[in-house]
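Numbering (the numbering used here), first residue to last: 228 to 465.
Structure follows, in structure tokens:
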């Protein structure tokens, strides 16, 4: 947690262009809760809040994600993640930007992981209701191993891919992949799912997430998965 001010400083830098602009912010929020009783009692909560803005040349995207789970009063998952991303258009299909991410996970091989990277990206497909973009670039990563407390700091190569397809007027398919590679560890996350609109502001989202670390302590799983069913709220402008 001592590194949190560093992360906050990074987010503040990324937020600077947005704060100075007159961009219109679009909030979104999603929440999923599972509670079972009987022979075992399980409570799981996962949520996400985001803010996004687009203007002439800039796009800004910020989020906070939380996961907490208890089984028979024993904590089995406790993770929060914050991220920020700002991009500036270069052409109709390419952009240059920066991305920062910080996560704190009590049940991960790492107490925390913090990354900051520059990126160059572009759309391979950019049509109405159908988009596919990829981006990548160099950066830096700082992390602390949960078992030993050892702090790792090193250069980073970041890659990201985002595929979105509006299958029908009310059904959207998505698949995103994030890779953060260093000499100490490679972290990869894939999110795939479908969102179905309930009305203009609400949607039901079913998703599967896989998170993988290549270097973990002995006895620790390299891959964590999460299957979720969430209600998503995205208010529509008047």
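C-beta atoms are modelled at their ideal positions from N, C-alpha and C, and glycine is treated no differently.
In this chain, the beta strand (DSSP E) harbouring residue 277 covers 269-281. Going by DSSP, residue 299 is part of no beta strand (DSSP E) at all; its letter is neither H nor E. Inclusion of residue 397 and residue 424 in the CB contact set at 8 Å is warranted, their separation being smaller than that value.
Contact between residue 463 and residue 427 holds: CB atoms are separated by about 5 Å, below the 8 Å threshold. Within the same chain, and ignoring the five residues on either side of residue 414 in sequence, the residues whose Cβ sits closer than 6 Å to its Cβ are 407, 440. Shown here, residue 444 sits in coil according to DSSP, grouped into three states, outside any helix or strand.
If you compare the alpha carbons of 330, 262, 380 with that of residue 340, the shortest gap goes to 330. Listed in chain order, the beta strand (DSSP E) runs fully inside the stretch 294-382 are 301-316, 321-332, 337-354, 357-372, counting runs of at least 3 residues. Taking C-beta atoms as the reference points, residue 337 and residue 372 count as a pair closer than 8 Å.
Secondary structure note for residue 405: its beta strand (DSSP E) is the uninterrupted segment 398-408.
Annotation: residue 284 to residue 293 spans about 31 Å, alpha carbon to alpha carbon. Nearest in C-alpha terms to residue 280, of all of 273, 290, 272, is 290.
Pairing residue 366 with residue 351 gives a Cβ-Cβ distance that is not under 8 Å.
One alpha carbon belongs to residue 317, the other to residue 375, and they sit about 44 Å apart. In this structure, the beta-carbon distance from residue 345 to residue 325 falls below 8 Å. Straight through space, the alpha carbons of residue 453 and residue 298 are spaced by roughly 15 Å.
Residue burial annotation: residue 333 is exposed, with fewer than 16 other C-beta atoms found within 10 angstroms of its C-beta. Going by DSSP, residue 418 is part of the beta strand (DSSP E) stretching over 413-424. In the three-state scheme derived from DSSP, where H, G and I count as helix and E and B as strand, residue 458 is classed as strand.
Between the alpha carbons of residue 389 and residue 363 lies a gap of roughly 12 Å. Listed as beta-bridge partners of residue 432 by DSSP are 422, 457. Its Cα nearest to that of residue 420, the residue 434 stands out among 411, 429, 434. Straight-line spacing of the CA atoms in residue 321 and residue 349 works out to 4 Å.
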